[in-house]
Amino acid sequence: MTFNFNALAISDDELNTASDILGIYVKNQKALNHSINDGLNASCLKLLQNELALNSLELSQLLNVSIRTLSRRKSSGKLNKNESQRVFLLTIMIVIANKVLGDHGSALRWLKSPKKALNGISPLEHAKSDQKIEKLINILHQIEHGVFL
């Protein structure tokens, strides 16, 4: 299965920036999909954790895996396809938040602060599935175009 980044209006620059953050060096979107489907290197977990300033428990909750599974992935050196897709989507969300909100600090504050539009929870608490991450990406695009939530 290939992920349709175009459906989320993700630019090539955003894809490239997310790839750079995670240390994924591919030539095109097809190669990126192949890398995600094959399973990203587990080093992406630490990179994502650092980008979001999370501890291991918070990261495991965000990825919907136990701490033990997270530890096994780090030991095995590879994520499965679903985990890889989630890690990449979360990284895309960070890239877009940085762009829309102006800087990384503002993006982190937005991602970690409760929002009325999300029933009083933070975007990171909301981001428990790929569909919800996609919703957050769409919200960020709305903010970018002047719709404040």
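Residue 1 is where the sequence shown starts when you use the UniProt record's numbering, and the numbers rise one by one after that.
All C-beta atoms, glycine included, are put in the ideal place defined by N, C-alpha and C.
Small disclaimer: the values here were computed from a predicted structure and weren't measured.
I121 sits in a strand when the DSSP states are folded into three classes. Residues of the same chain with a CB within less than 7 Å of the CB of K128, apart from the 5 flanking positions on each side, are N64 in chain order.
Taken atom to atom, the span from the alpha-carbon of A97 to that of A107 is near 5 Å. If the five residues before and after N80 are omitted, its C-beta is found closer than 6 Å to the C-beta atoms of G39, all from its own chain and listed in chain order.
Cα atoms of R109 and E83: separation of roughly 24 Å, rounded to the nearest angstrom.
Straight across, the Cα-Cα distance linking K112 with K99 is about 17 Å.
Here N37 carries a helix assignment [DSSP, helix/strand/coil]. Under the 8 Å Cβ criterion, the region 53-61 does not count as touching the region 26-43, having fewer than three qualifying pairs. K132 sits in a helix when the DSSP states are folded into three classes. Counting only residues of its own chain and dropping the five nearest sequence neighbours on each side, I143 has a CB closer than 6 Å to the CB of V100.
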